[in-house]
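Colleague: One structure is given below, represented as structure tokens, and several questions about it will come after.
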Amino acid sequence: MIQYVSCGFELGGQEDYDRLRPLSYPQTDVFLVCFSVVSPSSFENVKEKWVPEITHHCPKTPFLLVGTQIDLRDDPSTIEKLAKNKQKPITPETAEKLARDLKAVKYVECSALTQVSGEAWLLTKQLQTSHGEKCGYSKP
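Residues in the sequence shown are numbered consecutively from 1, following UniProt numbering.
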């Protein structure tokens, strides 16, 4: 009999938590590295902060790159706000390229508003049982 246990943690990005976050990594089967497709700064943090951190502490643990808030990608108000800062929403192609470059298992998108998220959940379950290694404890 196979038993599934899913635990999710949203780990704060504030610098105050930089030393504490890795304490929650041991025994992790898969990481979901999330960013908002309408927040270029959160997309930058994927490659500048989050993936380097998890690959340092858990080099053999797989991760999915997850674009959130896809319902806002075509929202006129959101596009206008981004344009004021000379920014645009992150395209699926741009995110897929980053996922390949960072060696993510896959890039998936989701939206809480439109209930698009099934693929991320299904892939997480598959990865928990078939890919990589659990993250062992390493130095924080």
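Virtual Cβ for every residue (Gly too), placed ideally from N, Cα, C.
#1: Pick from Glu48, Glu93, Leu113, Pro62: whose alpha carbon is nearest that of residue 209?
#2: Count the other CB atoms within 10 Å of the CB of cysteine 7; is the residue buried (16 or more) or exposed (fewer)?
#3: The alpha helix (DSSP H) that contains lysine 84, what's its start and end?
#4: Quickly, what does DSSP pair glutamate 109 with across the bridge? List them, please.
#5: In whole angstroms, what is the alpha-carbon distance linking arginine 19 and cysteine 34?
#6: Measure the alpha-carbon distance for proline 26 versus proline 62 and round it to whole angstroms.
#7: Cα-Cα, which of Ile79, Thr78, Val37, Val46 is closest to proline 92?
#8: Does the distance from the CB of glycine 67 to the CB of alanine 95 come in under 8 Å?
#9: What does the Cβ neighbour count give for alanine 83, buried or exposed, with the cut at 16 atoms within 10 Å?
#10: Consult DSSP for serine 36 and reduce its assignment to one of helix, strand or coil.
#11: If the criterion is Cβ atoms closer than 8 Å, does the pair leucine 65 and tyrosine 107 meet it?
Modeller: This is what the structure holds:
#1: Since the first residue of the chain shown is 1 and the last is 140, residue 209 is not available in this structure.
#2: Translated into the one-based positions of the sequence shown, residue 7 becomes position 7. With a pLDDT of 48 at cysteine 7, under the threshold of 50, the predicted position of this residue should be treated as unreliable, and no value is reported.
#3: Sequence index remark: in the sequence shown, residue 84 carries index 84 (1-based). Element bounds for lysine 84: 76-84.
#4: Here residue 109 refers to the residue found at position 109 when the sequence shown is read from its first residue. According to DSSP, which records beta bridges pairwise, glutamate 109 is partnered with Gly67.
#5: The sequence position of residue 19 within the sequence shown is 19, counting from 1. The sequence position of residue 34 within the sequence shown is 34, counting from 1. Cα to Cα, the separation comes out at about 20 Å.
#6: Along the sequence shown, read from residue 1 onward, the residue named residue 26 stands at position 26. Along the sequence shown, read from residue 1 onward, the residue named residue 62 stands at position 62. So the two alpha carbons sit approximately 13 Å from each other.
#7: Mapped onto the sequence shown, residue 92 falls at position 92. If we check each option's Cα against that of proline 92, Val37 comes out closest.
#8: In the sequence shown, residue 67 corresponds to position 67, counting from 1. In the sequence shown, residue 95 corresponds to position 95, counting from 1. Cβ distance < 8 Å, so glycine 67 and alanine 95 count as in contact.
#9: Sequence index remark: in the sequence shown, residue 83 carries index 83 (1-based). When all chains shown are included, alanine 83 counts as exposed.
#10: One-based indexing of the sequence shown puts residue 36 at position 36. If DSSP states are grouped into helix, strand and coil, serine 36 belongs with the strands.
#11: Residue 65 sits at position 65 when you count from the first residue of the sequence shown. Residue 107 sits at position 107 when you count from the first residue of the sequence shown. Yes, the pair counts as a contact, with Cβ atoms nearer than the cut-off.
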